[in-house]
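Participant:
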Ligand SMILES: C[S@@+](CC[C@H](N)C(=O)[O-])C[C@H]1O[C@@H](n2cnc3c(N)ncnc32)[C@H](O)[C@@H]1O
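Numbering (this note's numbering), first residue to last: 1223 to 1427.
(1) So, using beta-carbon positions, are residue 1287 and residue 1262 closer together than 8 Å?
(2) I need the straight-line Cα distance from residue 1251 to residue 1291, nearest angstrom please.
(3) Terminal residues of the continuous alpha helix (DSSP H) containing residue 1277?
(4) Determine the DSSP secondary structure at residue 1420, reduced to helix, strand or coil.
(5) So residue 1232 and residue 1295 are supposed to be a Cβ contact under 8 Å. How far apart are they, rounded?
(6) Between residue 1334 and ligand 1, is the CB less than 7 Å from at least one heavy atom?
(7) Residue 1388 and residue 1401: beta carbons closer than 8 Å?
(8) Which complete beta strand (DSSP E) runs does the stretch 1375 to 1410 hold, if anything under 3 residues is left out?
(9) With 16 as the cutoff for other CB atoms within 10 Å, does residue 1309 come out buried or exposed?
(10) Residue 1238 by DSSP, collapsed to three states: which one?
(11) In chain order, which beta strand (DSSP E) runs of at least 3 residues are fully inside the stretch 1321 to 1363?
(12) Taking just the CA atoms, how far does residue 1416 sit from residue 1364?
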């Protein structure tokens, strides 16, 4: 799915209750990490902030990054409406390697499958973490390609195997890596087909 797709989808993105339920589950689990008001976080592919807004109250600040200005506009409006002062939005294509700010936690929820060079992005995340900083990745478990519409563009991965990601991240100076199936998306339109979602967390050495 392209930036244009998310720009168009932005106004109605929060109307799907399954997205809210998934995001609430992910943000609650991330809040179980030992977060503190001294920590500066970043969410990559934040969308309308469904996950980030749930985690930001536990942090000093959250930089919310996305390539879709439409999605960020929806988040920015919620930030204004709710008087939130510690979320900053940033529209950029950070896979271009221009982003060097260090963080104490980096979150990437349901976005990794949109990145062609997912491994390169994970390496970049780990390079941006301060020692002891946390990485939290949520995405689909490897699926058969039926999660997205066949016409959807920009789907580079049909989910991931958390064990493979764990091995990869261990090579990128991450430790205490844990993964769990955090939620199962059930698609009624596909005869109640189940798509498990994992949450993987780890700490930078
Ligand atoms: C499925 S949405 C997930 C939104 C949010 N993280 C959530 O869990 O509700 C994927 C988001 O990733 C963003 N995205 C896709 N490719 C990106 C890239 N290269 N850099 C930053 N954001 C990207 C899209 O614009 C979209 O907002």
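Idealized CB from N, CA, C, for every residue including glycine.
Facilitator: Taking the structure as given:
(1) no
(2) 27 Å
(3) 1274 to 1277
(4) strand
(5) 7 Å
(6) no
(7) yes
(8) 1396 to 1409
(9) buried
(10) coil
(11) 1325 to 1331 and 1351 to 1362
(12) 12 Å
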